[in-house]
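Participant:
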Amino acid sequence: MFDRWCFCFIAGCLLSSFLMSTVTPKTMKAAVLIQRWYRRYMARLEMRRRYTWNIFQSIEYAGEQDQLQLSSFFSFMLDNFTHMFTFPPDLISQLLDPVVDPWLDREICYSLILVPESYSGPRLSFPLSVSDTNALLAAFKEQQTLHARYVLQLLYETKKLLKQMPNIIHLSTSYTKEITICGDLHGRLDDLLLIFYKNGLPSAETPYVFNGDFVDRGKKSVEVVILLFAYLLLYPDNMHLNRGNHEDYIMNLRYGFTKEVMQKYKTHGQEILQLFQDVFSLLPVATVIDGKILIVHGGISDQTNLDFLSSIERHKILLPFTETTRFTLCLIVVHLIECFHLEQIVDVLWSDPKIQEGCSPNTFRGGGCYFGPDVTQRLLLQHGLQLLIRSHECKQEGYELCHGGQVITIFSASNYYEEGSNRGAYIKVGRELVPRFYQYQVSRTTRKLTLTQRVRAAEGSALRALKEKLFAHRSELMCGFQEYDQNYTGRVSVSEWALVLEAVLRLDLPWRTLRPHLARLAPDGSVEYQSCFEDMGPGIPLPQVTSNLAETLFRYRTDIEIIFNIIDKDHSGLISIEEFRHTWRLFSAHLGVAIDDSAIDDLARSIDFNKDGSIDFTEFLEAFRVNWQIIMDLLKNAHQ
Amino acid sequence: MAESNNQSAETKLSDVHKRIKAAFETFDNAANNTVDVREIGTIIYSLGCFPSQADLHDFIAEVEEDHSGYIHLDRFLPAMTKVLLEHKFPPIPKDLLLQAFEVLDKDNKGYLEPEELTKYMTQEGEPFTQEEMEEMLTGLADHERNVIYYKDVINQLAIDPDM
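Heads up: the protein sequence lines correspond to chains L and W, in order. When the count follows our numbering, it moves up by one through the first sequence with no breaks and lands on 1976 for the last residue. When the count follows our numbering, it moves up by one through the second sequence with no breaks and lands on 157 for the last residue.
#1: Measure how close the beta-carbons of ASN1574/L and VAL1551/L come, nearest whole angstrom, since I'm counting them as under 8 Å.
#2: Can you give the Cα-Cα distance for GLN1732/L and VAL1711/L, rounded to whole angstroms?
#3: Quick one: using the 10 Å Cβ neighbour count with 16 as the cut-off for buried, is VAL29/W buried or exposed?
#4: Closest by CA to ILE1395/L, which one among ILE1517/L, GLN1713/L, ARG1800/L?
#5: Would you mind reading off the limits of the beta strand (DSSP E) that contains ASP30/W?
#6: Exposed or buried, which one is ARG13/W when buried takes at least 16 other CB atoms within 10 Å?
#7: Can you pull the chain W residues whose beta carbon is under 7 Å from the beta carbon of TYR1387/L, in chain order?
#8: Taking buried to mean at least 16 other C-beta atoms within 10 Å of its own C-beta, is VAL1451/L buried or exposed?
#9: Residues bridged to GLU59/W by DSSP?
#10: In chain L, which residues lie with their C-beta within 9 Å of the C-beta of GLU120/W?
#11: Tell me the rounded alpha-carbon separation between SER1696/L and LEU1802/L.
#12: Do you know offhand how far ARG139/W's Cα is from LYS113/W's?
#13: Shortest alpha-carbon distance to LEU1724/L belongs to which of PRO1463/L, GLN1680/L, PRO1689/L?
#14: Just to confirm before moving on: does the CB-CB distance between ASP1683/L and ILE1636/L stay below 8 Å?
#15: Within the 8 Å Cβ cut-off, does ALA1379/L reach chain W?
#16: Rounded to the nearest angstrom, what separates ARG1596/L and GLN47/W at their Cα positions?
#17: Out of ILE1681/L, HIS1576/L, VAL1368/L, state which residue places its alpha-carbon closest to the alpha-carbon of ASN1547/L.
#18: Compare the C-beta of PHE53/W against all C-beta atoms of chain A and say whether one is closer than 8 Å.
#19: Residues of chain L with CB under 7 Å from ARG13/W, in chain order?
#20: Please name the residue or residues paired with ASP1688/L in a DSSP beta bridge.
#21: Is there contact between the segment 1492 to 1502 of chain L and the segment 1738 to 1751 of chain L, where contact requires at least three CB pairs shorter than 8 Å?
#22: Listing by chain order, which chain L residues have their CB less than 7 Å from the CB of VAL97/W?
#23: Taking the Cβ atom as the reference point for each residue, do LEU1845/L and ILE1391/L lie within a distance shorter than 8 Å?
#24: Could you check the C-alpha separation between GLU1955/L and ILE1911/L for me, to the nearest Å?
#25: With DSSP as the reference, identify every bridge partner of SER1750/L, one or two as the case may be.
#26: Compute the beta-carbon to beta-carbon distance between GLY1704/L and GLY1634/L, rounded to the nearest angstrom, for a pair I have assumed lies under 8 Å.
#27: With a threshold of 8 Å, are at least 3 pairs of Cβ atoms found where one atom belongs to the segment 1759 to 1766 of chain L and the other to the segment 1802 to 1821 of chain L?
#28: Take every Cβ of the segment 1526 to 1543 of chain L, pair it with every Cβ of the segment 1641 to 1653 of chain L, and state whether three or more of those distances are shorter than 8 Å.
#29: From the DSSP secondary-structure annotation, give me the bridge partner or partners of MET1575/L.
#30: Using beta carbons (cut-off 8 Å, strictly below), is PRO84/W in contact with chain L?
#31: Check the DSSP bridge columns for PHE1773/L and list the partner residues they point to.
#32: If distances are taken between C-alpha atoms only, which option among SER1831/L, PRO1852/L, PRO1859/L comes closest to LEU7/W?
#33: Can you tell me which of LYS1513/L, ASN1581/L, ASP1626/L, LYS1556/L puts its alpha carbon nearest to the alpha carbon of GLN1599/L?
#34: With a cut-off of 8 Å on the beta carbons, I'd call LEU1630/L and ALA1566/L a contact; round off their distance for me.
#35: Consider the Cβ of GLU1382/L: report whether some Cβ of chain W lies at a distance smaller than 8 Å.
#36: Going by the CB atoms, is the gap between GLN1680/L and LEU1716/L shorter than 8 Å?
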């Protein structure tokens, strides 16, 4: 026994010394050094990835906050003009509501459209079959566009189908099939195709729930939503769509869906948009699985009541600006009741979960609320539910749990902010009602990008966006810096620099960590604050700095564009002088300043540069430039 | 800028505190001044320090809340301040790093084969996990030749601005 033990011992020693022969103290030290260095590098990378994420998210939410400004301006404008001016009555509705065209409710709206022989895209036949959806998939992969006639027909059929559906859809799992739940897609066709590839096409064996926000931001919103509607028509019992806050007229104007439709469908774009809006307003707002899992796009509030939600006539609700709807509803004089209906739906489409208890208004989004774990708990108990699945917020891993696992956020648009910014995910749920998560990330390049490359790309994008913000607030920032720099040395301390940025931009970001990318240090360690506004890297286009004006226009150009788009009813890119005149009177009314009709006429004529009797967006913008002081005050008032 | 020594020491201290808090907050997901203990390494690295795994373990033992898996800012701040002010865990100079690679490159080829690097990184010193190793190879290997030109790598990865 001892001999055997001895032998093992000696053999062991020999073996380990054999292994150790490659290892000298020197190589071990070298290895340790390299490991330490590399780990530090990776940790820094992780740090950069996180703050890049913060930048994107802060800017996105701040952008939505600007939306509030615009909406309150609109409501003031429309509230006031009725008793101040005599307007052609249809201008009111024209400014707000999409033109309700009875023509579009009739079948012949699409059947009269001729499809030329030369059209090589899919020719759909209704009722749809699998060959139609396969044809659509193949066509969209080849970058083809579906002919307007089929788009209209598809929308018409979808509208008919949705009219029969309740506000809340009830589903059951079974032992043989799991339900797949997807979050925001935002026009990312690649992500949708990837989900279908990984998880299977929608069918009786593979039922799906898509939780809203199919359109806007991405470039293929049309294709995404056509596919979703096609599968809805094909498998109405196995394909379920919830409405998101982006399935809405005004959001589409701002975030790109309207533009995409008009670009792809130059002749019939307007009719197509109209039908889209009808269909969007008919989408159900919630889905419940086995009476236990509630799926809505945004979230809930402390007022949410599912029974009540079931009973509303959802297609009559106009979203999302509470104020403008208040205005239109005043006309109908069912103000109070409809307001409450509206709020129920707005809550469900716009709310976000928060960590603290309670329910507070969601000032960032301009609608809905922030709901705490107690609100979730109460609702789940009240309706015998066990889980709330929602979307609406981008998450780095594609999904996130909160409220002790009672709320899941699921987001299906990978690389939402930038290549490499985040994964997408979907959930599968079977009889046992335990969610399983599947993640993915679409890659534009076939070569696998390293983490470094992805972080660098995303970071570059985020920093560019941030620098634009700095530039847009240049004068306010300079004022702030100069308060700390009374002697005009051009320098402030890093702390002071961070304080000013925080105060002016109101973005919750790690400014000290970002400092090397945004501003130069002087030899004594203080910040040369003017360097914030310099071109600090290659490829950043720097707008000409002439005055406060350039900044103002830069900052508000999106809002100004939206105003233009709303006036430009037929989305032709032009507004008539008459329309311009009316709108300008409204602007002045907002100020409470009586303005001469002839002065407006002069203005209108003066900005119509090419004298063709109509005004395009550049000329419109010029009108703002000419009267920027007025506009500045105007928008400041809207703030209050 | 005629400041007394006391004042500038104070400002320096408060700046250090602010840096530490900023780094901490990035990982404080629940906004309650605690972070997951697994993030501590990242936070310390991001503040410019180079602790070894052993150093990290010691540090964590000092500041962790009784094996709860969480570290509170109240304990992290003083410990980290000490680390920064005393320049514990200093950075690795580039030439030393180059020498380290040259030690591993026994045949003086000017590059390392993936298998060579893997052997050293996963078996010696403070070994890498498989995940770490895969990411390192993907990140550092030359795409065409599939070897690691360590001199280029050192220069490449050092381009990032120091924070």
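We put the beta carbon where it would ideally sit given N, CA and C, even for glycine. On a predicted model such as this, the values are computed, not experimentally measured, just so you know.
Facilitator: Based on what the coordinates show:
#1: Contact doesn't hold; Cβ gap of about 22 Å is too wide.
#2: 25 Å
#3: buried
#4: ARG1800/L
#5: 28 to 30
#6: buried
#7: THR20
#8: exposed
#9: According to DSSP, which records beta bridges pairwise, GLU59/W is partnered with nothing at all.
#10: ALA1367, VAL1368, GLN1371, ARG1372, ARG1375
#11: 29 Å
#12: 19 Å
#13: PRO1689/L
#14: yes
#15: yes
#16: Checking the sequence, you will find Glu at residue 1596/L rather than Arg. Distance between the alpha carbons of GLU1596/L and GLN47/W is about 53 Å.
#17: HIS1576/L
#18: Included in the structure are the protein chains L and W, with no chain A among them.
#19: ARG1848
#20: TYR1706/L
#21: no
#22: LYS1362, THR1363, ALA1366
#23: yes
#24: 10 Å
#25: Paired residues: none, contrary to the question.
#26: 5 Å
#27: no
#28: no
#29: TYR1544/L
#30: no
#31: ILE1763/L
#32: SER1831/L
#33: LYS1556/L
#34: Actually they do not touch by this definition, with Cβ atoms about 27 Å apart.
#35: yes
#36: no
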